[in-house]
Structure formats: structure tokens, C-alpha cells
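Enquirer:
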Ligand code: BGC
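Numbering (mature numbering (1 follows the signal peptide of the UniProt record, and there is no 0)), first residue to last: -23 to -1, 1 to 756.
Have a look at this one:
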């Protein structure tokens, strides 16, 4: 990162850290009130508290708290006032720090957990909380204070390069998973930073893109997940995003950071900017910027990672009065309220020895539970035959992708490929194929590392490894000696760049060729073919799914990936993951495809969210567009029935409870997800056909066993956001509760009525339009 080097060259505020004559008398954080501590600060100290400090490293030299190489940043210390620095580190799939250090034989590996899409696909709140606990423990034991996660932006379009870090196209599942993750991490006494607030839907021109979004889409789709997670789990910090919404940077948006986050949602923590957020582009870093006043005034309390021009601007703005005394005091107070909770302030003696073995078990289990069985013709899976060899195809089988790139990457000690996973479980991967694939994969992987180092390090977009062309003879030999073929299709992506339609969302020609060829030869021998998708987000499946017998969507499953896949393939674990996004037949089926990335094409400045609230299944199911696999879909090795659906009342008062009995009627134990979709009356306001309003996962049900699941609907779940009224309004009329095994596989319905319209929540008028938006409607 060139900007890092550049910033490291800045002159530093050495004086702040050194002994000050006033030290003896100065108020101390923890002993005196936060207000007194702030009041004792000089203008320069105040300015430094409002920006991050990690990139000014030398000032902090010798401070043990900052010996966490690879952390993303830190808050500024003022020793004379008893303020320690606190360390902020990425990111969603585990703690991102440097695994080795100069002149140090110890290693500092963190556990690579499954990516966001994989975690969300578990639909298992308790499990995610456990994952959060494990990640938070690594944060604490490696000496960091705040984890820069979870990331809960909505999958507006399948091509967003960071969808793998995010959870879903649906705000409810995003918010609930995020809440569990935050609760788990923070149970360790460390903080989180829910990000990127908000509508950070694309990587292309992310630092400057202006997104035109209706207030309704903001409230119902892009903010709702944040709202759920923030209200439920109170993350210590929030990270604003890079983009603009209706002409205003999110980091300078009073609507977003003050009116909605603080006034309406009651949030008490502090907001930090994304790294260099709010300045059009890194090339402007030296010039910045009067924008600091707008950001700090709007309630973006901390500017990360902190730069010299920001500091100079803040000092000048405080002196001129452009930045009010109250704003400065308020922002610093919020930051210090976090600092006093931190392990750094409590002088926690971190061990640098988290229990990586125990955490490997947790990541293995979470990855397994997030895998989605898309297809399983003639119950080809589970596959238990360990006596006959398995033909393993696809470069990714030998070089499994644990997670995406960029700040969401984790430096893990090892990763288990599918090949290793099979071997570990006692299967026999065919040797001839190994001898062909391994040298190719090893040399290509080395080339890729060198290329990425040259082209921007963690921000360089990962390149797909091309498939080998295999001879007919080789395939025939394999098909004769093996019972089954596994083909892994891999995809990787990351921060700074979006995915491509061709050779990425759609399979590349070499992959199509591989699937065609293997299927033809194996099927001619009466042998089966299973595809494993080692991907971070949606991929096209409809053109090739009929050619194979089984498809397992394994996601990017973290460091235990190969073992997790084999846990499912073998039947050691019965799959119970469900899609949290639609897999469309065609990329263009998504309404956002019409204006994805924005205009002017090639270097977009502005993008119209004209699909409004019709994102993902809300669009497909309302407009009758058939997907390849729908939202909520996922198969099991057993079957379940849903019965005895009961509502607590035929009319809605303050709340309604819905109970349903789930029974395992198959031969093996398994878990099932109950999904509650609600169809609301739409006489006054245009609405989706139905929306996910509650869900729960059963425990493991033995064959024949039942569990009664109870779900609760509050008034807010009945309401839609009505812009003309600045309110969430529940329309009077009949509401239909649809209990489904997916958004299209509805097993039972029951209705209740709301006798009179209810204004559930009054809000403020926010996100004033800066252009004419023709928002999609269903009628
Ligand atoms: C990313 C954030 C990340 C930060 C610090 C930014 O580029 O957008 O998600 O937390 O860097 O690494």
C-alpha cells in the first residue's frame, strides 16, 4: 500500500507522548471524570484524539499495546492524562494480524473462520455467537481492543467484490447473524465495529461513488440489518462507509450518524470512518481537507487511520471556531467511553496464546453447518465408500480457498484442502490425478503470490486458476477405477474490485469443458459426479446443474475447509445450511443489473438504486421470476414435516406468536430451519409478495423426533416505511403467515387481521433526494 509508506513519512506528534510538566497535576482517565480529562486537553491533544494514530507508528514506539503488527490502526494515547492507545484490528473472518515478527521466534497466527456468507447460511444464532466468542478471544489474547467486524452490507448485486464478507440480500438474517456475532465477540470484554454504515454495495469507485437511494429502500433494506444488530447487541463502535448517499458522504451525514443512529436508535458508542473515508480518492490525501469539520460535526467521532493534514485541519478548525467546542468534547467523550472499557485501559495481560486448537474445531463445525446442499439426485450423497478411489478434479480441490482477500483476509497457520480432507477421513483420492494436478497447482499458486505482491498486495484482485485440459484416456481410466468424481469450482474476490459477469459469475469455458467432459465419461461408465462450489458469493448454476448428480455449496469455509466439506460429503454431518441469497438463472434477472456500478460506464460517479426495495428474493418472488435456487433453499439427507401451525390470536394486538411443529420423518438425524415469511396487505403501499420476518433452527432431531418452534412477530415486523408519513406503518387488513423450508417452498399458511392501521414508529425526514429516481413498483 503506497499510502501507508507515504503516511509513515509524516512528522509525528512526539511531544504528546513525552513527559509534560503538568503531568503531576493533570486529571487522569479512570480517576477523574471523562469531562475533566477532556477539559484538561490542549487543542493539539484534542485534535490528536479525533484521529487514529497507528500510521504515526514511531510516536508510540516502545508501547507494548502497539506491538500488534498487522493491526489496522489505533486510537491516540495521551500519557499525561492516563489515556492508553487502543488497538483496532480487522476483520470479519477472524483477527487479521501479522503472523510473524522481526527477531521473534514465536508465531501469531489467527484462526481463519468461514466467510460471512458461510456463517449466515447456518441460520444458527447460537453457533454464530460461539464463533464470535472464539474470534473475540483471539482479539483479546493477541492484545487488540476492537475487532473491525461484522460487515453487514446487503448483497444488492451478486458482483460486489466483498459480498463474501457480508451476510445476505435480506436485512433480517443479516441483522440477527450480526447481533449474535457481536454478542459473542464482546462477551470477551473487547469491542466490535459494525461496518460499513451504510449501503456500501460496490467496490468500484468506492471512495467517491454517489448512490441515489430512496428513503424507503434505505430504511427497509440498507439500514434495517444495522438497526437490528445495533439495538440488540450494542457494538462498541460503528464504522461509516466510503460512499455517498444522495450526495452526502456517509461519514459526514447528520441524517445517518446523528438523526437515525443516535436519536432514533439510541446508539451510545462511537463512530469511526473507514480508512481514509470521505475524500474522493487516495490521491487527495495530501490536500485534505475541510471535510473534517463536516465529519466530526455529523458525529463521525474518529477519523481513521489518522493523517497529518487531518490533524492540521482540526487544529485550525478548533482555533477558528469552525469546529465547535461542544462537538469536539462530545466526540472525544464517546471515544474515551470506549477506551475505559478496553483491555488496554484495564492493563489486561494478554497471553499471545489463544487456544487455536479449540478454535479450529469451532471453525470446522461452523463451516460444515453453513454448507448448502443444492442438489442430490438419487441420494448420491452421503458417499461412504472408502474402499474405492475417488477421482478429484478441479485445481481448487488441491488449492482450497479459505476466504477472500483484502482486509477480510486472515493469516492462518494452515489450511486444509479438499484433497487433505478426503485423505484425513480415510478416503482414497486417485493418485494419477494428484500427480497431474499438484505440480501445476503449486507452480500457478506461486506465480499468483508474486503477481499479487507486485500489483498492490492485499488490495490486488485474486486471479482465477485455469483448469487443466485432461485427455479422454485419463478420464476413462479414472472413471473405470473410481466410483465417483468430485469437481471443485473455485472463486475468490476481495476489497477494492468488483467481480466480473463472465469467467466469474458465469463459469469460464475451461470450467464448462471440465464439467462436460468429466460428466460424459463418468456417466457413460455408470459413475456419479458431484460439484463442490468453493466460492464466496453467488455464481451461475442453472446452465450446468443438470449435467451433474450432486452440488455442494461449500462457500469459503475457513482454514478447516477440506475437513468441513468431507464432514458433509461423508454424512458425518447432515447438511442444514440454507441460501441467504438468490442464485438466479441469469445475472440480468437481478433488477440491479440494469444500473450496476452506475455512470459514466468505466468510471462511474453516480448510481441509481431504481430497484428500490426489490432486492434479491423480494424482486424474484414478487415479479414471478424463477431462480435457479431460491433464497432460503437447502437440502438435507433427511426429510422434515411442518405441522400444527398455530397463531396466538386471530387478530393482532401488540404481538403475535406463531408456533410450528417440525418432525424429522427421515432415517438420519438432522437440523431444519423454520422460515417465517409474512405477506402484508398492500392496498395503500406497494409491498413485496412476502418478506422474511422471523426464523429459527431446530436442535438435532433424531429420526421420528419433533420440536415445537415458537416465533414472535412485533408490530414493526408488520410495518413498511411510508415516506409520505415519515413513519413505519402497519396497514389494516389480513396478514398471511407463511411457514416455509425456503422462500418458495411454503409448507403451511395461517392468517391474522390487524383491525386498524397502526403508525408503529414515527421517524424524521432523512436522505433528501438529490435526483429524480424512478423507483420500481410491483403494480
Ligand atoms: C476496509 C475496512 C477495513 C479497513 C481497515 C478498509 O479498506 O474497507 O473494512 O476495516 O480498511 O483495514
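C-beta atoms are modelled at their ideal positions from N, C-alpha and C, and glycine is treated no differently.
Leaving out five residues before and five after residue 358 in sequence, what residues of the same chain have Cβ atoms less than 8 Å from its Cβ?
Expert: Locating residue 358 in the chain shown gives position 381, where the first residue counts as 1. Once the five neighbours on either side are set aside, the close Cβ partners of residue 358 are 350, 507, 527, 529, 545, 546, 548, 614.
Enquirer: Once DSSP output is grouped into helix, strand and coil, what is the label at residue 151?
Expert: What you label residue 151 is simply residue 174 of the chain shown in a count that begins at 1. Helix, per DSSP.
Enquirer: So, does the region 535 to 545 touch the region 574 to 591, judging by three or more C-beta pairs under 8 Å?
Expert: Cβ pair count under 8 Å is below three, so no.
Enquirer: Would you call residue 189 buried or exposed, if buried means 16 or more other Cβ atoms sit within 10 Å of its Cβ?
Expert: Numbered from its first residue, the chain shown carries residue 189 at position 212. That one is buried.
Enquirer: Tell me the residue span of the beta strand (DSSP E) that contains residue 506.
Expert: Reading the chain shown from its first residue, position 529 is the one you call residue 506. Per DSSP, residue 506 belongs to the beta strand (DSSP E) from 505 to 511.
Enquirer: What residue from 554, 646, 695 has the CA that sits closest to residue 682's CA?
Expert: Numbered from its first residue, the chain shown carries residue 682 at position 705. Closest by alpha carbon: 646.
Enquirer: Quick one: is residue -1 buried, meaning 16 or more other Cβ sit within 10 Å of its Cβ, or exposed?
Expert: Walking along the chain shown from the start, residue -1 turns up at place 23. Bear in mind that the predicted position of residue -1 carries a pLDDT of just 47, short of 50, making it too unreliable to give a figure here.
Enquirer: Under three-state DSSP, which class holds residue 562?
Expert: Locating residue 562 in the chain shown gives position 585, counting from the first residue. Here residue 562 sits in coil by DSSP.
Enquirer: Check for me: the alpha helix (DSSP H) holding residue 684 runs from which residue to which?
Expert: Here residue 684 refers to the residue found at position 707 of the chain shown. From DSSP, residue 684 is part of no alpha helix (DSSP H) but of the beta strand (DSSP E) over 683 to 691.
Enquirer: Tell me the DSSP secondary structure of residue 111 in three-state form.
Expert: Taking the chain shown and counting its residues from 1, one reaches residue 111 at position 134. Residue state, collapsed to three classes: helix.
Enquirer: In three-state terms, what does DSSP make of residue 428?
Expert: Stepping through the chain shown from its first residue, residue 428 is reached at position 451. Here residue 428 sits in helix by DSSP.
Enquirer: So what does DSSP say about residue 84, is it helix, strand or coil?
Expert: On the chain shown, residue 84 is found 107 positions in, with the first residue counted as 1. Residue 84: strand per DSSP, three-state reduction.
Enquirer: Give me the residue from 177, 246, 466 with the minimum Cα distance to residue 131.
Expert: Walking along the chain shown from the start, residue 131 turns up at place 154. Out of 177, 246, 466, 177 has the C-alpha closest to the C-alpha of residue 131.
Enquirer: Does the count of Cβ pairs from the region 3 to 13 and the region 278 to 295 closer than 8 Å reach three?
Expert: In short, these stretches do not touch, since the Cβ pair count stays below three.
Enquirer: With a threshold of 8 Å, are at least 3 pairs of Cβ atoms found where one atom belongs to the region 593 to 613 and the other to the region 715 to 732?
Expert: Touching, yes.
Enquirer: Rounded to whole angstroms, how far is the Cβ of residue 229 from the Cβ of residue 275, which I believe are closer than 8 Å?
Expert: By 1-based counting over the chain shown, the position of residue 229 is 252. By 1-based counting over the chain shown, the position of residue 275 is 298. With 8 Å as the limit, residue 229 and residue 275 qualify as a contact, their Cβ atoms being about 5 Å apart.
Enquirer: Report yes or no: do the region 372 to 386 and the region 85 to 93 share at least 3 C-beta pairs separated by less than 8 Å?
Expert: Enough Cβ pairs lie closer than 8 Å, so yes.
Enquirer: Which term fits residue 757, buried or exposed, when burial requires 16 or more other beta carbons within 10 angstroms of its beta carbon?
Expert: What the structure shows of the chain is the stretch from -23 to 756, and residue 757 is not part of that stretch, so it cannot be assessed.
Enquirer: Near residue 555, what residues of its chain come up, given a Cβ to Cβ distance below 8 Å and the 5 sequence neighbours on each side ignored?
Expert: What you label residue 555 is simply residue 578 of the chain shown in a count that begins at 1. For residue 555, where only same-chain residues beyond five positions count, the Cβ hits under 8 Å are 98, 100, 349, 609, 610, 611, 650, 652, 719.
Enquirer: At which residues does the alpha helix (DSSP H) containing residue 813 begin and terminate?
Expert: With the chain covering -23 to 756 only, the question about residue 813 has no answer from this structure.
Enquirer: Where does residue 85 land, buried or exposed, given buried means 16+ other C-beta within 10 angstroms?
Expert: Counting from one through the chain shown, the residue named residue 85 turns up at place 108. So residue 85 counts as buried.
Enquirer: Does DSSP put residue 643 in a helix, a strand or coil?
Expert: Mapped onto the chain shown, residue 643 falls at position 666. Residue 643: coil per DSSP, three-state reduction.
Enquirer: Check the DSSP bridge columns for residue 730 and list the partner residues they point to.
Expert: What you label residue 730 is simply residue 753 of the chain shown in a count that begins at 1. According to DSSP, which records beta bridges pairwise, residue 730 is partnered with 628, 711.
Enquirer: Among the residues of its own chain, which have a CB less than 8 Å from the CB of residue 694, if the five just before and after it don't count?
Expert: Your numbering for residue 694 matches position 717 in the chain shown. Same-chain partners within the cutoff: 655, 670, 671.
Enquirer: DSSP three-state label for residue 247, please.
Expert: Stepping through the chain shown from its first residue, residue 247 is reached at position 270. The answer is strand: DSSP assigns residue 247 an E or B state.
Enquirer: Should residue 29 be listed as close to the ligand BGC, given that the test is whether its C-beta is under 7 Å from any heavy atom?
Expert: In the chain shown, the residue the question calls residue 29 occupies position 52. Not so, every heavy atom of the ligand BGC lies at least 7 Å from the Cβ.
Enquirer: Starting from residue 335, trace the alpha helix (DSSP H) both ways and give me its first and last residue.
Expert: Translated into positions along the chain shown, residue 335 becomes position 358. Taken as a continuous stretch (DSSP letters only), the alpha helix (DSSP H) holding residue 335 covers 333 to 347.
Enquirer: Please state whether DSSP places residue 39 in a helix, a strand or coil.
Expert: As a working note, residue 39 is residue 62 in the chain shown. For residue 39, the predicted structure reports a pLDDT of 43, less than 50, and the residue's modelled location is therefore unreliable. A value from the coordinates is still provided. Reduced to three states, the DSSP call for residue 39 is coil.
Enquirer: Select from 334, 152, 167 the residue whose C-alpha is nearest the C-alpha of residue 209.
Expert: Counted from its first residue, the chain shown places residue 209 at position 232. When only C-alpha atoms are compared, the closest one is 152.
Enquirer: Along the alpha helix (DSSP H) that carries residue 290, what are the first and last residues, could you check?
Expert: Counted from its first residue, the chain shown places residue 290 at position 313. Counting along the chain, the alpha helix (DSSP H) containing residue 290 begins and ends at 285 to 297.
Enquirer: Pairing CB atoms from the region 405 to 420 with CB atoms from the region 102 to 118, are three or more of them under 8 Å?
Expert: The region 405 to 420 is not in contact with the region 102 to 118.
Enquirer: Go ahead and label residue 232 buried or exposed: buried means 16 or more other beta carbons lie within 10 angstroms of its beta carbon, across all protein chains shown.
Expert: As a working mapping, residue 232 is identified with position 255 in the chain shown. Its Cβ being crowded by 16 or more others within 10 Å, residue 232 is buried.
Enquirer: Is it buried or exposed for residue 660, if we count other Cβ within 10 angstroms and need 16 for buried?
Expert: Counting from one through the chain shown, the residue named residue 660 turns up at place 683. Exposed, because fewer than 16 other Cβ atoms sit within 10 Å of the Cβ of residue 660.
Enquirer: Looking at residue 68 and the ligand BGC, is the gap between the Cβ and the nearest heavy atom below 7 Å?
Expert: Indexing the chain shown from 1 puts residue 68 at position 91. Yes.
Enquirer: Less than 7 Å separating the Cβ of residue 567 from some heavy atom of the ligand BGC?
Expert: Residue mapping note: residue 567 aligns to position 590 of the chain shown, counting from 1. Not under cutoff, so the answer is no.
Enquirer: In three-state terms, what does DSSP make of residue 78?
Expert: Mapped onto the chain shown, residue 78 falls at position 101. Residue 78 falls in the strand class under three-state DSSP.
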